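What follows is one structure encoded as structure tokens, with my remarks underneath.
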Ligand code: ACM
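In the working numbering, the protein residues as written are 124 to 832.
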């Protein structure tokens with residue numbers, strides 16, 4: 124099957140099966156902005172986009188704005204086929220789209236105003252902003268507003284006043300564990316800009332790779348990167364690309380731990396004698412800079428000086444996480460130093476190191492960012508703390524006067540759902556921070572650690588879930604409706620591939636490779652209902668190195684199974700008025716499909732070594748689906764299910780819910796809900812639907828938790 128027809132089948136199956144999902148309905152087309160603006164009023168009517176759609180730029184002439192408008196017009200032309208002719212010549216009266224900006228184009232900074240206003244009437248669209256940065260954000264909103272009916276394209280009439288809730292809306296990309304070429308970064312910058320994110324946190328160095336050219340110390344990349352690093356010219360190209368899209372770039376040079384790759388070329392920086400080799404495995408490693416030697420600071424100062432010149436942003440990230448202290452404990456000179464300087468322990472020693480770094484960076488005109496381990500009373504207050512260990516750590520930083528950003532709850536490598544991330548807030552509603560303390564919370568960052576992603580899969584771990592995080596960072600805190608978020612997220616997810624992002628398209632490619640000469644359909648049925656194991660479960664399931672191919676079912680599988688989410692909705696619809704049950708077609712259709720799939724998939728499972736590991740999953744899906752069909756039958760007929768059926772059912776579901784091949788079958792909880800409903804029909808009869816629905820959900824959750832233990 125070709126990529127294109129597979130794509131079509133994904134769409135048609137989901138809209139056929141789940142029409143309530145409805146993203147293709149005209150009614151919903153109008154209201155699919157994400158992130159939602161701060162203030163928005165829909166109006167009647169529309170502004171046609173046709174060959175008369177001329178654009179005028181008012182205000183200060185700015186080449187960056189002209190570039191941005193040209194990119195916008197190119198995207199519009201691709202999407203609609205309407206090629207808007209030269210915009211600059213149009214006079215404001217003639218123009219259908221007026222862009223008004225008096226401010227000067229500057230490199231984006233943390234303090235810059237990103238607000239804009241947008242008014243679309245039946246006569247004209249008007250976008251104005253104090254700064255070009257606001258115009259960039261407004262152009263993305265306007266692009267999301269474009270809709271089409273057949274051959275006609277238009278903008279709905281609307282008034283928008285928009286500004287971000289948080290000024291720091293970042294995405295961390297780790298290019299050390301797995302190398303990510305320039306084009307991966309570019310397409311992700313485009314994706315970020317489309318959802319109004321404004322910081323790329325570039326994790327450039329770690330134990331597994333030193334990914335940037337140093338001209339002062341070329342041994343760093345020559346010995347520490349396997350040749351996989353960005354030249355300074357490439358860095359400059361990416362910085363310009365980011366800046367054009369209103370995105371700041373913060374490089375991270377993680378130290379004093381996570382530094383093995385530096386030490387391959389420069390073992391003299393370490394706290395224990397070398398030689399060192401590029402690390403191929405993951406986790407917390409021992410190699411650590413020696414914070415007691417002046418030569419180490421001289422080296423760092425010279426290196427950071429070079430980087431400070433290359434990167435224009437006022438912030439620079441020094442990492443500071445996960446120092447295990449082993450090399451320090453084993454080095455008697457370091458222990459003497461601790462003693463002589465009246466330091467209590469390794470944490471104090473790291474604080475000493477950090478305060479030296481902070482002095483170096485201040486001299487170089489930079490502010491320091493570090494992971495929350497760097498917090499120590501000794502550090503100056505102009506640093507930014509990035510919290511990965513929890514909201515309490517972040518609140519503590521804010522209370523003690525530090526600026527902070529939140530990453531806890533936004534780790535994309537944890538393979539949580541978009542809804543999970545969406546519910547995490549840098550300033551939760553129950554926060555006890557004062558207004559002054561709240562002002563210290565600058566925002567947050569989604570974090571794409573790359574132990575288990577390659578350039579083939581990374582987009583599918585970043586997108587579409589990061590769209591939900593982007594809304595959390597930009598939109599008012601009161602925007603919380605999860606179902607509506609998913610609807611808008613799905614629309615935007617499809618659009619993002621316009622930039623060459625592969626978060627949807629890589630699925631077909633990878634599944635087809637697994638299926639070899641066979642048609643991919645039955646493998647896709649299985650892949651659609653599984654999710655990779657969560658948190659750090661892959662670490663213990665299989666021995667991984669940075670060389671291990673990431674080409675299995677677990678790598679193709681989506682972090683969040685849409686099919687499972689939609690199935691659960693369909694089950695809820697079916698059961699909503701139980702014991703009187705609703706329409707069963709959707710539920711029965713998919714259960715039948717899953718029940719029959721094992722037989723169809725068998726030839727692939729037997730022929731392909733790469734997917735053989737999925738055989739027990741496929742069998743268990745089939746068995747569980749058969750059970751689900753029986754449950755539907757009981758529920759429809761009102762017949763009680765026997766105790767032995769219930770016991771057997773529990774056994775089948777418990778087995779099916781066990782992760783194998785590093786994936787879990789994500790539709791088991793939905794099937795379990797059906798089975799529990801059928802088992803408890805008598806008991807449920809007397810209860811109001813909402814109560815027993817809640818009761819069933821909590822039983823489903825409880826059995827999931829029990830099995831996870
Ligand atoms: C981290 O996850 N060690 C920052």
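Ideal Cβ placement from N, Cα and C applies to all residues, glycine included.
Predicted model, so just to flag it, every value in this text is computed and none were measured.
With a cut-off of 6 Å, the C-beta of residue 824 is classified as distant from ligand 1, since no heavy atom of the ligand falls inside that distance.
Taking every protein chain shown into account, the CB of residue 609 has 16 or more other CB atoms within 10 angstroms, so this residue is buried. Around residue 440, the same chain offers 373, 375 and 492 as residues with beta carbons nearer than 6 Å, after the five sequence neighbours per side are excluded. Distances from the alpha-carbon of residue 496 to those of 486, 515, 416 and 437 put 515 closest.
Counting only unbroken stretches of 3 or more residues, the beta strand (DSSP E) elements lying wholly within the stretch 302-344 are 322-329, in sequence order. With fewer than 16 neighbouring CB atoms inside 10 Å of its own CB, residue 659 falls in the exposed class.
In this structure, DSSP gives residue 177 a state outside helix and strand, which the three-state scheme calls coil. For residue 491, the uninterrupted beta strand (DSSP E) run begins and ends at 490-494, by DSSP. Note that the C-beta distance between residue 566 and residue 528 is below 7 Å.
Assigned with DSSP and collapsed to three states, residue 511 falls in coil, not helix or strand. Taking the Cα positions, residue 684 is about 11 Å away from residue 538. In the three-state reduction of the DSSP assignment, residue 403 falls in the coil class.
Note: residue 564 is bridge-paired with 527 in the DSSP secondary-structure output. Residue range 417-433 is occupied by the alpha helix (DSSP H) that includes residue 428.
For residue 794, the secondary structure class from DSSP, reduced to helix, strand or coil, is helix. Residue range 738-760 is occupied by the alpha helix (DSSP H) that includes residue 739. Minimum Cα-Cα distance from residue 219 among the listed residues 228, 180 and 194 corresponds to 180. Secondary structure note for residue 775: its alpha helix (DSSP H) is the uninterrupted segment 766-780. Distance from the C-beta of residue 330 to the nearest heavy atom of ligand 1 is not below 6 Å. Close CB contacts of residue 386 within its chain, under the 7 Å cut and outside five residues either way in sequence, are with 392, 393, 397, 399 and 410 (chain order). Under the three-state reduction of DSSP output, residue 438 falls in the strand class. Comparing alpha carbon positions, the residue from 829, 591, 432 and 671 closest to residue 339 is 432. The beta carbon of residue 705 is closer than 8 Å to those of 696, 697, 698 and 699 in its chain, skipping five residues each way along the sequence. Contact check for residue 163 against residue 258 fails: the beta carbons are separated by 7 Å or more. Residue 534 is bridged by DSSP to 570. Straight-line measurement puts the Cα of residue 472 at about 11 Å from the Cα of residue 499. A distance below 7 Å separates the beta carbons of residue 377 and residue 328. Secondary structure note for residue 267: its alpha helix (DSSP H) is the uninterrupted segment 255-268. Of the candidates 576, 721, 494 and 734, the residue whose Cα lies closest to the Cα of residue 296 is 576.
Burial of residue 582 is indicated by the presence of at least 16 other C-beta atoms within 10 angstroms of its C-beta.
Between the alpha carbons of residue 703 and residue 801 lies a distance of about 12 Å. Look at residue 192 here: in three-state DSSP terms it is helix. Here the distance from the Cβ of residue 494 to the nearest heavy atom of ligand 1 is below 6 Å. Cβ neighbours of residue 451 within its own chain (closer than 7 Å, five residues either side excluded): 394, 411, 457, 469 and 472.
The way I'd put it, the stretch 758-775 does touch the stretch 791-805; three or more beta-carbon pairs between them come closer than 8 Å. Within the stretch 620-700, the complete beta strand (DSSP E) runs of at least 3 residues fall at 653-655.
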